[in-house]
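A.B. asks:
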Amino acid sequence: MNSHPADHHPSPASHGRSFHFSWGVALGIVATLLSAGVWLDSRDQSRSAKTELARKLSEFDASVKESRLLARNADDMTRETLSRLAQVESQLANSREQQLALESLYKELSRDRDQWALADIEQIILTASQQLQLAGNLRAAIVALETADLRLQRLDKPQFTAIRQAISNDLAKLRAVPDFDQAGISMRLIAQINGIDKWPLSSSHTQTGSHGRKPKGPITHDLLAELKNLVQIRRMDQGEPALLTPEQEYFLRQNLKLRLLSARLSVLMHDENGYKSDLDASLKLLGRYFNTLDATVVSAVKELRTLAGIRVERSLPDLKESQTAVQRFREARQ
């Protein structure tokens, strides 16, 4: 009777093992559930991460494509910019070439203009020199040099300063030379030349006196003719004027004209000796062959003596300084 109760009531040890087993199972289930939850959560997170990664990758791909498009556009813009830059540089190079060509042309034109001006100035100086050397025309030489200086002044170029200085020096030398009325003397001589044909000869006066009385008959006429020849010979021996034929009278007047023309040329040449010699010879011809009692002859003698007292010789400077300056400028430009 006592053994059955022992069989039907478990012992405390077995009861304890059953309790531990139940809790173990429960914990296992809980752990499994937790693991499953964690796995599910992890899977969800993984899916979410994959989705996000896919989205990021998609966005990245889109960004890459956009970047590539932008890069391609940038490349196109760069190429276009480079092309435009090349065109601009080409245009700039052409512009520079044109500018250089224009500058070269301007310099050439300026050089040609300087050459033209120099040739003009050189010709003016040469003319002034010829006026001095050939004609002795002081005033014409001064006017010519003043004209040359005025043209250089209008050009207003510093490279012509040396030439202007040389011209100024030569002008000072010319202005220092004492001047006389060369043209006035020349015109006074021409006035005397124009009056030569009107001056009466002393032989004409003698002929008028000798023929003032008419012969009374043939015998008387022949006798008077013989006596006239004798008187004529005697007067020539005594230095009286001889009777001149019309041809001799013509050559006498022409000779006197040539003498006065030679004196006029000596004035232009400043030949003092030639001037004095021609006037002295003219006065001798007047005194010997012309009627010195006639008013026109007296006036002519007085005028020629007055002209003979004028000094026509003078020392004229040359224009070597101006000519040398022009020559040096030309050599420097070559």
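Under the numbering used here, the residues of the sequence shown are numbered 989 to 1322, in order.
Every residue, glycine too, gets a C-beta built ideally from N, C-alpha and C.
Between the alpha carbons of Ser1046 and Arg1084, how many angstroms are there, rounded?
C.D. replies: Taking the straight line joining both Cα atoms gives about 54 Å.
A.B. asks: Are the beta-carbon atoms belonging to Val1314 and Ile1151 less than 7 Å from one another?
C.D. replies: In this structure, Ile1151 lies closer than 7 Å to Val1314 by Cβ.
A.B. asks: Could you say if the stretch 1165 to 1180 and the stretch 1248 to 1265 meet the contact criterion of at least three C-beta pairs nearer than 8 Å?
C.D. replies: Yes: the two stretches touch, three or more of their Cβ pairs being nearer than 8 Å.
A.B. asks: Applying the criterion that 16 or more other CB atoms from any shown protein chain within 10 Å of the CB defines a buried residue, is Trp1187 buried or exposed?
C.D. replies: When all chains shown are included, Trp1187 counts as buried.
A.B. asks: With hydrogens ignored, establish whether the beta-carbon of Leu1295 is closer than 6 Å to any heavy atom of the ligand GTP.
C.D. replies: This structure simply doesn't include the ligand GTP, nor any ligand for that matter.
A.B. asks: By DSSP, does Phe1168 sit in helix, in strand, or in coil?
C.D. replies: Coil at Phe1168, not helix or strand.
A.B. asks: In angstroms, rounded to a whole number, what distance separates the CA positions of Leu1041 and Ser1051?
C.D. replies: Taking the straight line from one Cα to the other gives about 14 Å.
A.B. asks: Just grab the DSSP bridge partners of Phe1278 for me.
C.D. replies: Bridge partners of Phe1278: Leu1189.
A.B. asks: Check this for me: beta carbons of Gln1311 and Ile1113, under 7 Å apart or not?
C.D. replies: Taking 7 Å as the Cβ cut-off, Gln1311 and Ile1113 qualify as a contacting pair.
A.B. asks: If Glu1134 sits next to Leu1159, beta carbons under 8 Å apart, how far is it from one beta carbon to the other, in whole angstroms?
C.D. replies: Going by Cβ atoms, the distance from Glu1134 to Leu1159 rounds to 7 Å, so yes, they are a contact pair.
A.B. asks: Arg1139: which of Gly1297, Ile1109, Ala1129 and Asn1157 sits nearest, CA to CA?
C.D. replies: Nearest C-alpha to Arg1139: Ile1109.
A.B. asks: Less than 7 Å separating the beta-carbons of Ser1174 and Asn1279?
C.D. replies: Not closer than 7 Å, so no.
A.B. asks: Just curious, the alpha helix (DSSP H) that Glu1301 is in, first and last residue?
C.D. replies: Premise fails: Glu1301 is in no alpha helix (DSSP H) and is neither H nor E.
A.B. asks: How is the alpha helix (DSSP H) around Pro1146 delimited, first residue to last?
C.D. replies: First-last for Pro1146: undefined, no H or E at that position.
A.B. asks: Kindly list the residues whose CB is nearer than 7 Å to the CB of Arg1241, restricted to its own chain and excluding five residues on each side of it in sequence; keep chain order.
C.D. replies: The answer, listed in chain order, is Ile1184 and Asp1185.
A.B. asks: In three-state terms, what does DSSP make of Thr1020?
C.D. replies: Here Thr1020 sits in helix by DSSP.
A.B. asks: Determine the burial state of Leu963: buried for a count of at least 16 other Cβ atoms within 10 Å of its Cβ, exposed for fewer.
C.D. replies: For residue 963 there is no data in the structure shown, the boundaries of the chain being 989 and 1322.
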